[in-house]
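Enquirer: Encoded as structure tokens, here's the structure I'll be asking about.
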Amino acid sequence: MVKTPDQIAYFVPDIREAAAQHAATFGSGPFYVAEHIRFSSCLYRGQPSDWDHSSSFGQWGDVMIEFMQQNKPGPSSLHDVFPEGSNRYGVHHMAYIIDDAPSHAAELAGKGIETILHGVLTNGIEVIHVDTRARYGHLIELCTRSKALSEVYDFIREQSVGWGGSDPVRTIEL
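For what it's worth, the working numbering labels the leading residue of the sequence shown as 56, then goes sequentially.
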């Protein structure tokens, strides 16, 4: 996997506020908020998880920006990077769209890089978080290329073309 990231994701206390500030400061966007993102399956450190988080997605040049917030307390890949109660925020992961995320995660595991989260959203989008904190200070997210994932990325990118800055924070269903 030799490519530039498709997405930079930040853990923030308020995804709407972070999106509005990023749009105002850098001209990115518009941002689309997905509340309580639902999984058909989610394993955190190999155990079933009901991870409840919300995200806002916007385009910043060639890269998608994601702001993430956790909606209820408990262990998660967000709290692995930014411990619960620490009031620390920042870059959580860089995401890459690849053909086979599970195979690549297995290859990385053979190199000592642990899988923290493996989830499939209800729309079929598959995401894997691998632990690269010791090397880079953040996680890597591997996303399996799919029609559903392409539709989300294409929609966000298309909405940014010619966007004049109005209505910078909107909603979306995933």
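Every residue gets a Cβ at the ideal spot worked out from N, C-alpha and C, and that includes glycine. A quick note: this is a predicted structure, and the numbers were derived from the prediction, not measured.
#1: What runs of the alpha helix (DSSP H), each 4 residues or longer, lie entirely inside the stretch 138 to 184?
#2: Between the stretch 119 to 135 and the stretch 153 to 167, are three or more C-beta pairs nearer than 8 Å?
#3: Entirely within the stretch 73 to 133 and at least 4 residues each: give me those alpha helix (DSSP H) ranges in chain order.
#4: Do you know offhand how far E228's Cα is from S95's?
#5: Determine the burial state of V216: buried for a count of at least 16 other Cβ atoms within 10 Å of its Cβ, exposed for fewer.
#6: For D186, which residues from the same chain have a beta carbon less than 8 Å from its beta carbon, with the 5 sequence-adjacent residues on both sides left out?
#7: Report the three-state DSSP secondary structure of V207 (helix, strand or coil).
#8: Are the CB atoms of A74 and G84 nearer to each other than 8 Å?
#9: Quick check on V224: does DSSP put it in helix, strand or coil?
#10: If you drop the 5 nearest sequence neighbours on each side, which residues of the same chain put their C-beta closer than 7 Å to that of N126?
#11: Which residues in the same chain as A156 place their Cβ atom closer than 8 Å to its Cβ, once the five residues preceding and following it in sequence are excluded?
#12: Check each candidate in V67, Q114 and G101 and name the one with the smallest Cα separation from P223.
#13: Given R100, which residues of its chain have a CB within under 7 Å of its CB, disregarding the five upstream and five downstream residues?
#14: Exposed or buried, what is Y87 when buried is set at 16 or more other beta-carbons lying within 10 Å of its beta-carbon?
#15: Would a C-beta distance cut-off of 8 Å place I153 and L204 closer than the cut-off?
Expert: In short, the structure shows the following:
#1: 156 to 164
#2: no
#3: none
#4: 15 Å
#5: exposed
#6: D135, I168, E169, T170, I171 and L194
#7: helix
#8: yes
#9: strand
#10: H91, D107, H108 and S109
#11: E181, V182, I183, L197, C198 and T199
#12: Q114
#13: I171
#14: buried
#15: no
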